[in-house]
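Trainee: What follows is a single structure, and I will ask about it in a moment.
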Amino acid sequence: MSGCSKNTAEKAVLGSPKAERVVIDKTPMSTCLITGAGGFVGAALARCRIDRLQHTAGSGHERLLLTDRLPRPLWCPAHHPDIQWVEGDIGSAGLLDQLFAAPIDRIAHLAGVVSGAAEANFDLGMTVNLDSSRALLDRCKSQGQAGRVPRVVFASSIAVHGVPLPAAIDDHTPPSPSLSYGVQKLIIEFLIAELSRRGWIDGISLRLAGVVARPALPNGALSGFNSDLIRETLAGRRVVSPVSADAVIWLQSLQSAAGALDVALSSDGAAPDGARVVQLPAVAASIREILDAISKASGHDAHALVDFKPDPAIEPMFGRWPRMRHFERAHAMGLAADASLAALIEAAMKRKAEHTT
């Protein structure tokens, strides 16, 4: 399934951490832009593309632009002629001028603020998730109108579904978000579909589930407890669960999410049925089942490490996802799910081991 080679999403490429002003090369070749490249999923996708580019050195087939508000990370090469890190706010006209100084052929848009931050600060969520995305898409539209139509892959979210969550979800389930974050994602999905209908971009939106296991850094995601639960119990540490043991959540591994984005970024056109929105496959499991899998994989009793304190504001929104789910569009595009809950936990353990050695 994954467009990344084995371990690609986790390989580090060492380079100088010093941030620098980037002068963007305008030589003619295919150019790929990843926004939010410093984030958890964005970095995995960027490493995937970097790994492929470095293994095809000298072919000159792709120039990689990576952008985030963060300085260039260690894994991003400092002096590779076809890899450039551009620090800045994607909503800034100056940054967009710099990025679009030459045409961009493929764009993965992951920059944004997460659910908790967007809910706590409505204006921030609208500015970053909606206005900045609109500004980026306006540049894409202008380029397409000039005759060079860019491929645009948008990292959307299952947050487009809200309370009460449906008894079953497939590609045709009507969205009904309960959070500002989900509303903002849904608006951009519609805009991408409209710009694609008009022939100005070739866009597709992929709805990601809970991608695990994120590092122990506060990022404001209301669903962050799913990563906390897996990460902490794998490490033998206590953790509080804001949902009950029988709560059902949707998960996907970092490798699965990054691989799906990479495949979509390297492809063209809509889903086989003409749709411009695809629900990525997710593993549906109860907290109890997740702890069973962790106990089996780790050799210690994960159940004994969890203090259950169900939050009535969290569980209906994040702990009642349906087991009935169908992902026909994703399967038709070759975007397979994690093989099983056990495989997802194994992937989380492998990543943990690689980041602690």
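Be aware that the sequence shown starts at 49, since it is given in my numbering, and climbs by one per residue. Ideal Cβ placement from N, Cα and C applies to all residues, glycine included. Keep in mind it's a predicted model, so treat the numbers as computed, not measured.
Using CA atoms only, rank isn't needed, just tell me which of Leu256, Gly317, Ser244 and Glu363 is closest to Phe88.
Mentor: Of the listed residues, the one whose Cα sits closest to Phe88 is Leu256.
Trainee: Apart from the five residues on each side of it in sequence, which residues of its chain come closer than 6 Å, Cβ to Cβ, to Arg196?
Mentor: So the list reads Pro151, once near-sequence residues are dropped.
Trainee: Can you find the residues in the same chain that come closer than 6 Å, C-beta to C-beta, to Ser253, ignoring five residues on each side of it along the sequence?
Mentor: Taken in chain order, the residues that qualify are Phe202, Ser204, Glu237, Ile240 and Val325.
Trainee: Quick one: residues in its chain with C-beta nearer than 7 Å to the C-beta of Asn274, no 5 flanking neighbours on either side, listed in chain order?
Mentor: Excluding residues within five positions, the ones whose Cβ falls inside 7 Å are Gly258, Val260, Ile297 and Leu299.
Trainee: Buried or exposed, going by whether 16 or more other CB atoms sit within 10 Å of the CB of Ala380?
Mentor: With fewer than 16 Cβ atoms within 10 Å of its Cβ, Ala380 is classed as exposed.
Trainee: Buried or exposed: which applies to Val354, given that a residue is buried once 16 or more other Cβ atoms fall within 10 Å of its Cβ?
Mentor: Classification of Val354: buried, given that the 10 Å Cβ count is 16 or more.
Trainee: Give the DSSP-derived three-state secondary structure of Leu184 in the structure shown.
Mentor: Note: Leu184 maps to helix in three-state DSSP.
Trainee: With distance defined between alpha-carbon atoms, name the residue in Asn177, Ala85, Leu227 and Ala216 nearest to Leu122.
Mentor: Among Asn177, Ala85, Leu227 and Ala216, the Cα nearest to that of Leu122 is on Ala85.
Trainee: What are the boundary residues of the beta strand (DSSP E) that includes Cys124?
Mentor: Segment: none, Cys124 is in no beta strand (DSSP E) and carries neither H nor E.
Trainee: Would you decide whether Ser163 is buried or exposed? Buried here means 16 or more other CB atoms lie within 10 Å of its CB.
Mentor: Ser163 is buried by the Cβ-count criterion.
Trainee: Going by Cα to Cα distance, which pick from Ala92, Asp116, Glu110 and Met77 is closest to Val176?
Mentor: Answer by Cα proximity: Asp116.
Trainee: Would you say the region 363 to 380 touches the region 214 to 226, given that touching needs at least three Cβ pairs under 8 Å?
Mentor: Judged by Cβ distances under 8 Å, the region 363 to 380 makes contact with the region 214 to 226, as three or more pairs qualify.
Trainee: Taking only the alpha-carbon atoms, compute the straight-line gap between Leu282 and Arg246 and give it to the nearest angstrom.
Mentor: Near 49 Å, if we compare the C-alpha coordinates of Arg246 and Leu282.
Trainee: Residue range of the alpha helix (DSSP H) that Val311 falls in?
Mentor: Element bounds for Val311: Leu302 to Ser314.
Trainee: Should the region 98 to 105 be regarded as contacting the region 323 to 339, the criterion being three or more beta carbon pairs within less than 8 Å?
Mentor: Contact between the region 98 to 105 and the region 323 to 339 is absent, because fewer than three Cβ pairs lie under 8 Å.
Trainee: So is Pro151 in contact with chain C if we call contact Cβ pairs under 7 Å?
Mentor: In the structure shown, chain C does not exist; there is a single protein chain.
Trainee: Jot down the residue ranges of each uninterrupted alpha helix (DSSP H) in the region 133 to 169, minimum 4 residues, whole runs only, in chain order.
Mentor: Here the runs fully enclosed are 141 to 147 and 163 to 168.
Trainee: May I have the straight-line CA-CA distance separating Leu114 from Ala352, to the nearest angstrom?
Mentor: Each residue's alpha carbon lies about 42 Å from the other.
Trainee: By the three-class DSSP mapping on this structure, what secondary structure does Ile249 have?
Mentor: If DSSP states are grouped into helix, strand and coil, Ile249 belongs with coil.
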